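Structure first, then comments.
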Amino acid sequence: MLTRFTRKAMNIIRNIPEGKVLTYGRAAVLAGKPNGARQISRLLHSMSEKYDLPWHRVINSKGKISLKPSQGYELQKALLESEGIRFSKNDTIDLRLYLWQVSFFNTP
DNA sequence: CCACTGACTACTT
DNA sequence: CAAGTAGCCAGTG
Numbered sequence: 376m377l378t379r380f381t382r383k384a385m386n387i388i389r390n391i392p393e394g395k396v397l398t399y400g401r402a403a404v405l406a407g408k409p410n411g412a413r414q415i416s417r418l419l420h421s422m423s424e425k426y427d428l429p430w431h432r433v434i435n436s437k438g439k440i441s442l443k444p445s446q447g448y449e450l451q452k453a454l455l456e457s458e459g460i461r462f463s464k465n466d467t468i469d470l471r472l473y474l475w476q477v478s479f480f481n482t483p
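For the first sequence, position 19 (counting from the first letter as 1) is numbered 394 according to our numbering, and the numbering increases by one without interruption.
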């Protein structure tokens, strides 16, 4: 049984457009739980495949990929770059350019 | 119900 | 800037 928060979060993540990203924290806020960032990561980890979520479009608040090398890092970076996202020298994504700007999201 | 775990974050050193 | 810390809360056993 999934919580309302979890379902809402999945819905939001599914709607991240190509070439844009969301941070764990932002996704949590949009799903209605400002402190639910860790649940977002759990979601992605456990059901990104089952529910066909664009898990690679979610990164941490510093604009970096949270996965470790050989644990999915390379794959995520490749997927993002294939959508046109450019990484800075220090391997960070410029959130000013790529953060999905959504002021409201309507899902009951 | 309790304990433990995290692909997190904001704040302090 | 890097490293440490306290708070966070759904899932799991």
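By construction, the Cβ of each residue, glycine as well, lies at the ideal position given by its N, Cα and C atoms. Since this is a predicted model, take the numbers as computed values, not measurements.
DSSP three-state assignment for residue i, whether helix, strand or coil
| i | result |
| --- | --- |
| Val-477 | coil |
| Leu-428 | coil |
| Ile-468 | strand |
| Leu-397 | strand |
| Ile-440 | coil |
| Ile-460 | coil |
Residue range of the unbroken alpha helix (DSSP H) whose run includes residue i
| i | result |
| --- | --- |
| Thr-381 | 379-389 |
| Ala-406 | Premise fails: Ala-406 is in no alpha helix (DSSP H) and is neither H nor E. |
| Met-422 | 412-422 |
Cβ-Cβ separation, residue j to residue i (assumed contact under 8 Å), whole Å
| i | j | result |
| --- | --- | --- |
| Ala-402 | Ile-388 | 6 Å |
| Ala-384 | Ile-415 | 6 Å |
| Gly-438 | Ile-468 | 5 Å |
Alpha-carbon to alpha-carbon, residue j and residue i
| i | j | result |
| --- | --- | --- |
| Asn-410 | Tyr-399 | 10 Å |
| Leu-455 | Lys-425 | 20 Å |
Close beta carbons around residue i, own chain, < 8 Å, minus the five adjacent residues each side
| i | result |
| --- | --- |
| Arg-413 | Tyr-399 |
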